[in-house]
Amino acid sequence: MNFLEERIVKDGVVKEGNVLKVDSFLNHQMDINLFDEMGKEFAKRFKDKPINKILTIEASGIGIASVVALHFNNCPVVFAKKSQSINLDGEMYTAEVESFTHKRVNHVIVSKKFLGPEDKVLIIDDFLANGCALQGLIQIVQSSGATVEGIGIAVEKGFQSGGRMIRNLGYQLESLAIVDAMDAKTGQVTFREQ
Ligand code: 5GP
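Here's what the structure looks like:
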């Protein structure tokens, strides 16, 4: 088991409805040393990519992306904002994202000032489930003319369809822990060998 898998076994809680709760170290209280380890690992896995910007989505991606950026030459971190309003001016890229945890559709927005054709983007997020959040972020990068150089995820739920879909699109997707099964009754979590 790697450092993140070990932490999930120690402090993660399996909830009904295929939800893994990691709020004591990732989603609410944040373990910055753990984020730093994650940054080191992503830097290794994406060492050949010319990344000059990190893109994430509020709220849980922001802390992770900020620490990860320290391992990518302190590159700027842009986070997509979630807005339930479609009343936006023309200076924004927008995409629709269906939220797995909140079961509603958000419009995510990024100002045109902060993403453009010169950008080589690493997308970072906390979880990958069905891939809706990632699809929205990829769509925003494409609209801006920037390039997706890679995607780094903390926890992928491998029994949901997002990972397969994103890899089939040809992106380098690196998930630090891939959960292949989890059981809310026993609390057991099974990881994919990587
Ligand atoms: P997707 O868009 O891939 O279906 O879901 C990804 C988003 O939903 C992530 O940004 C994350 O915030 C949230 N999410 C999905 N599954 C889980 C889960 O099991 N636990 C937690 N804490 N968040 C999740």
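If you're matching positions, the sequence shown starts at 12 in the numbering used here and goes up one per residue.
In this text, a Cβ means the ideal position worked out from N, Cα and C, and glycines have one as well.
Predicted model, so just to flag it, every value in this text is computed and none were measured.
Tell me the rounded alpha-carbon separation between residue i and residue j.
i: E69; j: K92; result: 6 Å
i: L139; j: L81; result: 23 Å
i: I177; j: T197; result: 30 Å
i: A195; j: K32; result: 11 Å
i: Q146; j: V30; result: 20 Å
i: S94; j: E16; result: 33 Å
i: V25; j: A188; result: 15 Å
i: V166; j: G174; result: 11 Å
i: D137; j: E129; result: 26 Å
i: H118; j: E102; result: 15 Å
i: T112; j: I65; result: 23 Å
i: V78; j: G28; result: 30 Å
i: T201; j: S154; result: 37 Å
Looking only at its own chain, which residues have a Cβ that is under 6 Å from the Cβ of residue i, when we skip the five neighbours before and after it?
i: I151; result: Y104, A106 and V121
i: F14; result: E48
i: A54; result: H82
i: G156; result: P128
i: K168; result: A140 and V190
i: K123; result: E102
Taking only heavy atoms of the ligand 5GP into account, decide whether any of them is closer than 6 Å to the Cβ of residue i.
i: L139; result: yes
i: A7; result: Residue 7 cannot be examined here, being either before or after the span of the chain that is shown, 12 to 205.
i: T112; result: yes
i: L31; result: yes
i: S172; result: no
i: S94; result: no
i: N6; result: Residue 6 lies beyond the residue range present for the chain, which begins at 12 and ends at 205; the question has no answer from this structure.
i: S77; result: no
i: S35; result: no
By DSSP, does residue i sit in helix, in strand, or in coil?
i: N179; result: helix
i: N117; result: strand
i: A89; result: Going by the sequence as given, residue 89 is Val instead of Ala. V89: strand per DSSP, three-state reduction.
i: D130; result: coil
i: A70; result: coil
i: S172; result: coil
i: A188; result: strand
i: E27; result: coil
For residue i, which residues in the same chain have their Cβ closer than 8 Å to its Cβ, ignoring the five residues on either side in sequence?
i: I62; result: F83, C86, K131, V132, L133, E160 and G161
i: Q40; result: D34
i: Y182; result: I149, V159, G161 and I162
i: V89; result: K64, I65, L66, T67, V121, F125 and L126
Measure how close the beta-carbons of residue i and residue j come, nearest whole angstrom, since I'm counting them as under 8 Å.
i: F170; j: A192; result: 6 Å
i: S186; j: G142; result: Not confirmed; about 12 Å, so no contact.
i: I135; j: G72; result: 6 Å
i: F46; j: I19; result: About 14 Å separates the two Cβ atoms, so there is no contact after all.
i: F36; j: D59; result: About 30 Å; that fails the 8 Å criterion.
For the ligand MN, any of its heavy atoms closer than 6 Å to the Cβ of residue i?
i: D136; result: This structure does not include the ligand MN; its bound ligands are the ligand 5GP.
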